[in-house]
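Worksheet for the structure shown next.
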Amino acid sequence: LIFLILYFHFESVGWSFLVFTTLSTAWSGGFLWLWFYGQDWFLNFSLFGVNLRELFNIHPYNLSVAVWVGFLALFGIATDSGVLMVTYLMEHFAAEKPQTIEQIRRETIVGASRRVRPALMTSATTILALLPILTSIGRGSDIMVPMAIPSFGGMTLSLVDLLMVPTLFCMVKEFVAKRTARSSQGTA
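When the letters of the sequence shown are read in order and numbered with our numbering, they come out as residues 37 to 224.
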């Protein structure tokens, strides 16, 4: 369903797949964070007299329905930074029209650097909004904490997408430029 929504936005299977790659890092981060929660050493210290394992409800969590719901929420949120980056890069390339490999690389860096702050803001607000849920101990926390763990871990690791998405975008544009150059040489 997420892929279909991306396809309707970009009207291209290729760009939809490129943004869809952000889900792999989000998936990895979610499972990595679940693994961290099962480890005895993870956050096993006190800060200002508060044990962080107790504060963040750290103990092993099973793959329950609540955890899978957390992954579903993560997948919807994780594509935001990819959509933000690819949409702006496409608009930037439409305006600048780079032709050579060097121009493509330069314009990718320029365009991506202009989207880092908004992408970081999107990720930071999500990560900060999940902290009160991870520290909750009241009614409903037994359901909400397992939902928040994959989202928190996935959004933390998906900061790598700020480098990965522009790199993949540049690779695709370079491939198209090389193919166009080869086909124009073949017809000449």
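C-beta atoms are modelled at their ideal positions from N, C-alpha and C, and glycine is treated no differently.
Cβ-based neighbour list, residue 186, same chain, cut-off 7 angstroms, excluding 5 preceding and 5 following: 66, 69, 70, 103, 106, 107 and 110
For the 8 angstroms Cβ check, are there 3 or more pairs between the stretch 178-193 and the stretch 111-124? With a cut-off of 8 angstroms, the stretch 111-124 and the stretch 178-193 count as touching, because enough Cβ pairs lie within range.
Would residue 213 pass as a contact of residue 145 if the rule is Cβ separation under 8 angstroms? Contact: no.
Compare the beta carbon distance of residue 57 and residue 194 with 8 angstroms and say whether it is the shorter of the two. no
CB-CB under 7 angstroms to residue 80, same chain, minus the five flanking residues each way: which ones, in chain order? 89
On the three-state DSSP scale, how would you describe residue 82? strand
Between the alpha carbons of residue 99 and residue 74, how many angstroms are there, rounded? C-alpha separation (whole angstroms): 12 angstroms.
Would you list the residues sitting across from residue 87 in a DSSP beta bridge? According to DSSP, residue pairing for residue 87 in a beta bridge involves 82.
Terminal residues of the alpha helix (DSSP H) in which residue 186 lies: Looking at the DSSP string, the run of the alpha helix (DSSP H) that includes residue 186 is 177-193.
Considering only C-alpha positions, which residue in the set 55, 50, 159 and 123 is nearest to residue 200? Checked all of 55, 50, 159 and 123; the closest Cα to residue 200 is 55.
Would you list, in sequence order, the uninterrupted alpha helix (DSSP H) runs of no fewer than 4 residues that lie entirely inside the stretch 106-174? 137-170
For residue 94, tell me which candidate among 175, 169 and 138 has the shortest Cα-Cα distance. 169
Whose C-beta lies closer than 7 angstroms to the C-beta of residue 72 among residues of the same chain, with five residues either side of it excluded? 78
Helix, strand or coil at residue 97 [DSSP, three-state]: coil
On a CA-only basis, which of 51, 92, 143 and 208 is nearest residue 174? Give me that one, please. 92
Buried or exposed by the 16-neighbour rule on C-beta atoms within 10 Å, applied to residue 250: Past the edges of the chain, shown from 37 to 224, lies residue 250, and the structure says nothing about it.
May I ask which residues mark the beginning and end of the alpha helix (DSSP H) holding residue 61? 58-73
C-alpha distance - residue 177 paired with residue 157, whole-angstrom precision: 26 angstroms
In terms of alpha-carbon separation, which member of 135, 166 and 123 lies closest to residue 151? 123
What is the DSSP secondary structure of residue 47, counted as helix, strand or coil? Note: residue 47 maps to coil in three-state DSSP.
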